[in-house]
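**Q** Below you will find the structure I want to go over with you.
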Amino acid sequence: MLTVAVLISGTGSNLRALLDAAADPEFPARVVVVGADREADGFAHAEEYGIPTFMVPFAQFASREEWGTELGAQLDVWRPDLVVLSGLMRLLPADLVDAWSPRIINTHPAYLPEFPGAHGVRDALAADVAQTGASVIIVDNGVDSGPILAQERVPVLPGDDEHALHERIKPVERRLLIDVVRRVATGDLDLAAVSASAQL
Ligand code: GRF
1 MLTVAVLISG
11 TGSNLRALLD
21 AAADPEFPAR
31 VVVVGADREA
41 DGFAHAEEYG
51 IPTFMVPFAQ
61 FASREEWGTE
71 LGAQLDVWRP
81 DLVVLSGLMR
91 LLPADLVDAW
101 SPRIINTHPA
111 YLPEFPGAHG
121 VRDALAADVA
131 QTGASVIIVD
141 NGVDSGPILA
151 QERVPVLPGD
161 DEHALHERIK
171 PVERRLLIDV
181 VRRVATGDLD
191 LAAVSASAQL
């Protein structure tokens with residue numbers, strides 16, 4: 001059984017979907033802990049499932065590096081097989097990424113490498129594209145620049161605003177995330193191999 005830590009900042013709807021999927025005894029992964037950089041609404045989903053939570057408030061640390069050291073210490077307590085960044089709105093310090101890579105993945109509401117960064121949905125709308133998408137990637141030390149594990153196109157519809165488009169992307173993001181976690185757990189998807197071939 002693959003053990004997973006999920007890191008969030010917000011409502012945790014992707015987390016919720018993963019928890020619901022993992023509640024199926026046939027699903028080959030379990031969420032063992034949920035962490036956040038703030039008092040995130042998404043903690044409620046973890047609590048509902050009786051899953052432990054931890055918070056490492058970014059604002060209380062003098063630097064990103066010190067924050068990352070504490071976040072890493074919390075993850076070390078649980079020693080998950082995989083770390084999922086699911087709406088964590090913080091860049092991780094390089095030491096932490098290096099410690100977990102390639103066993104650390106991120107979901108993103110755009111078709112990477114298009115529209116990386118914190119405003120992927122807004123940026124796609126501003127660029128007036130006909131389609132955007134959702135991606136799941138291995139985290140590296142760039143901004144949403146790691147190897148792509150799964151992605152799918154989502155059309156931009158007339159009249160879309162940021163909220164409407166994001167709400168249409170999120171179900172795709174959730175489906176891709178659950179599928180990637182399942183494939184990592186079954187061994188169908190080898191993160192180390194993907195990462196190594198991306199570095200060739
Ligand atoms: C997701 O689209 C994620 O990729 C983005 O923020 C959203 C998080 O939503 N960075 P939620 O917290 O899972 O509801």
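Numbering follows full-length UniProt numbering, with no gaps: position 50 of the sequence shown is 50. Using N, Cα and C, we set each Cβ at its ideal position, and we do this for glycine too.
1. Hey, would you say Val-6 sits closer than 8 Å to Leu-91, going by beta carbons?
2. What I want to know is whether the C-beta of Ser-86 ends up closer than 7 Å to one or more non-hydrogen atoms of the ligand GRF.
3. Confirm the yes/no value for this check: CB of Glu-39, any heavy atom of the ligand GRF, distance under 7 Å.
4. Taking the Cβ atom as the reference point for each residue, do Ala-150 and Val-136 lie within a distance shorter than 8 Å?
5. Report the option in Pro-158, Phe-54, Ile-105 and Met-1 whose CA atom is closest to the CA atom of Glu-39.
6. Let's test the definition: count the other Cβ atoms within 10 Å of the Cβ of Leu-19 and tell me whether it reaches 16, buried, or not, exposed.
7. Grouping DSSP H, G and I as helix and E and B as strand, with all else coil, what is Asn-106?
8. By DSSP's criteria, Ser-135 is part of a beta bridge. Which residues make up the other side?
9. Between which two residues does the beta strand (DSSP E) containing Thr-3 stretch?
10. How long is the line joining the alpha carbons of Asp-37 and Arg-183, rounded to whole angstroms?
11. I'd like to confirm something about Pro-52: is its beta-carbon nearer than 7 Å to some heavy atom of the ligand GRF, or not?
12. Measuring alpha carbon to alpha carbon, tell me which of Ile-148, Pro-158, Gly-159 and Leu-200 ends up nearest Leu-189.
**A** Taking the geometry as given:
1. Locating residue 6 in the sequence shown gives position 6, where the first residue counts as 1. Locating residue 91 in the sequence shown gives position 91, where the first residue counts as 1. Contact check for Val-6 against Leu-91 fails: the beta carbons are separated by 8 Å or more.
2. Position 86 of the sequence shown, counted from the start, is the residue given in the question as residue 86. For the ligand GRF, at least one heavy atom lies less than 7 Å from the Cβ of Ser-86.
3. Mapped onto the sequence shown, residue 39 falls at position 39. With a cut-off of 7 Å, the C-beta of Glu-39 is classified as distant from the ligand GRF, since no heavy atom of the ligand falls inside that distance.
4. Translated into positions along the sequence shown, residue 150 becomes position 150. Translated into positions along the sequence shown, residue 136 becomes position 136. Yes, these two residues count as a Cβ contact at 8 Å.
5. Residue 39 sits at position 39 when you count from the first residue of the sequence shown. If we check each option's Cα against that of Glu-39, Phe-54 comes out closest.
6. The residue given as residue 19 occupies position 19 in the sequence shown. So Leu-19 ends up on the buried side.
7. Position 106 of the sequence shown, counted from the start, is the residue given in the question as residue 106. Residue state, collapsed to three classes: strand.
8. Position 135 of the sequence shown, counting from 1, holds the residue named residue 135. According to the DSSP secondary-structure assignment, Ser-135 is paired through a beta bridge with His-108 and Gln-151.
9. On the sequence shown, position 3 is the one that residue 3 refers to. Counting along the chain, the unbroken beta strand (DSSP E) around Thr-3 starts and ends at 2-8.
10. Position 37 of the sequence shown holds residue 37. Position 183 of the sequence shown holds residue 183. Roughly 28 Å between the two C-alpha positions.
11. The count along the sequence shown starts at 1 and reaches residue 52 at position 52. Residue side-chain check: Pro-52 keeps its Cβ at 7 Å or more from all non-hydrogen atoms of the ligand GRF.
12. As a position in the sequence shown, residue 189 is number 189, starting the count at 1. With respect to the C-alpha of Leu-189, the residue from Ile-148, Pro-158, Gly-159 and Leu-200 having the closest C-alpha is Ile-148.
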